[in-house]
Amino acid sequence: MAYSAIVVEKRGPAGLVRLNRPEALNALNDTLVDELGHALAGFEADDAIVAIVLTGSEKAFAAGADIAAMATMSWMDAYRGDYITRNWERVKTCRKPVIAAVSGFALGGGCELAMMCDIIVAGESAKFGQPEVRLGIPPGAGGTQRLPRAAGKAKAMDLCLTARFMDAAEAERVGLVSRIVADERVVDEALAIVDTMAGYSLPVLMMIKESVNRAFETTLTEGLLFERRSFHAAFGLEDQKEGMNAFLEKRKADFRHR
Ligand code: DAK
């Protein structure tokens, strides 16, 4: 597939996807979301790729869904067309870790896209917001659900009800963002995180991702049971034997991802 709205490359163990609609601050349209879904599927099927980094430009990660594309849409268009939902869900179902490297605006669907990722690394210029209320719509892709889980009810209500933007420092303080670096370092920092992960067992990374995500979907008792089952299952991995033997033999583990 030839991409027009994203740029895709491999950087060692990382699959790097750069949103690339500079004329619209990387606003998300059907083409972009289709291409993103396709790229993620490719990286997921690629045994050499451990995790994916998703980024935008220095000015914008993504300024939201494409307002020009939505402006004349009717309820029937949105509902019957299942507006952006099909491939949008592909980000959520990716089983390998996905890291958002965010500089500039991450607004509306852009903020929601970042929140679907597993880790957000922010550049100092990053601004997060759910300003849909200004357009006469509520957030539609997780803003009212993932933001309160990540940042708490007070911040979620504040951002969604007033359209105020939150800067990188505030986003880190409330727990939406895991690290802040200089803008020009944001992709390198995310790639370095993938390099660290690449030293570990991929099936274990996938188990961890699945287990942490389960924490947001279920009760504590069920979540703990899910975690316990993953833990027990790990003893079926060659990588568990390698990891523990390497520790006992005082050497670096050589994981084979099985
Ligand atoms: N859509 C289309 N074009 C956009 C855009 C957007 N979201 N954001 C910016 N642009 C375009 C501008 O129209 C402008 O184009 P030209 O006039 O040059 O042709 C160009 O990008 C540069 O923008 P500005 O001139 O406005 O740049 P400024 O630096 O002055 O301002 C800004 C930057 C980010 C503050 C401003 O552009 C802005 O407020 N943008 C809109 C932000 C916004 O309201 N975002 C929320 C959109 S609604 C769903 C999935 C997703 C969604 C819903 C459902 N499902 C799966 C069901 C999401 C909804 C949304 O995100």
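Just so you know, the working numbering puts 240 at position 235 of the sequence shown, and the rest follows in order with no gaps.
Where a beta carbon is used, it is the ideal one built from N, C-alpha and C, also for glycine.
Among the options, whose alpha-carbon lies nearest the alpha-carbon of residue i?
i	options	result
ALA105	ALA156, GLU222, ARG23	ARG23
LYS257	SER206, ARG263, PHE240	SER206
THR77	SER216, GLY141, PHE48, SER9	GLY141
PHE110	ARG100, ASP259, GLN135	GLN135
VAL126	ALA159, GLN150, ALA173	ALA173
LEU166	GLY204, MET120, GLY113, ARG178	GLY113
ALA267	MET249, ALA65, ILE89	Only positions 6 to 263 of the chain appear in this structure, which leaves residue 267 out of reach.
Expressed to the nearest angstrom, what Euclidean distance is found between the alpha-carbon atoms of residue i and residue j?
i	j	result
TRP80	CYS116	23 angstroms
SER62	ASP193	13 angstroms
ASP82	ALA146	17 angstroms
ALA46	ILE213	20 angstroms
ALA238	ASP163	42 angstroms
ARG184	MET202	16 angstroms
ASP35	ARG190	30 angstroms
ARG139	ASP188	28 angstroms
THR224	ALA156	19 angstroms
CYS99	GLY20	13 angstroms
PHE260	MET121	28 angstroms
ASP87	GLU232	34 angstroms
Quick check on the DSSP output: the alpha helix (DSSP H) that includes residue i runs from which residue to which?
i	result
LYS246	243-253
LYS132	LYS132 -> not in any alpha helix (DSSP H); beta strand (DSSP E) instead, spanning 132-134.
ILE213	207-219
ILE72	72-75
Are the CB atoms of residue j and residue i within a distance shorter than 8 angstroms?
i	j	result
VAL58	VAL199	yes
ALA176	PHE133	yes
VAL12	ASN25	yes
Using a Cβ-Cβ distance under 8 angstroms, would residue i count as near chain C?
i	result
VAL209	You won't find chain C in this structure, because it holds only one protein chain.
Along the chain, where does the beta strand (DSSP E) that runs through residue i open and close?
i	result
ALA67	65-67
ARG16	11-16
LEU59	56-60
ARG23	19-24
LEU112	110-112
Am I right that residue i and residue j are in contact with their C-beta atoms under 8 angstroms? What's the rounded C-beta distance?
i	j	result
PRO102	ALA53	So it is not a contact: roughly 15 angstroms between Cβ atoms.
GLY228	ARG234	At roughly 11 angstroms, the Cβ-Cβ gap does not stay under 8 angstroms, so GLY228 and ARG234 are not in contact.
LEU30	LYS64	6 angstroms
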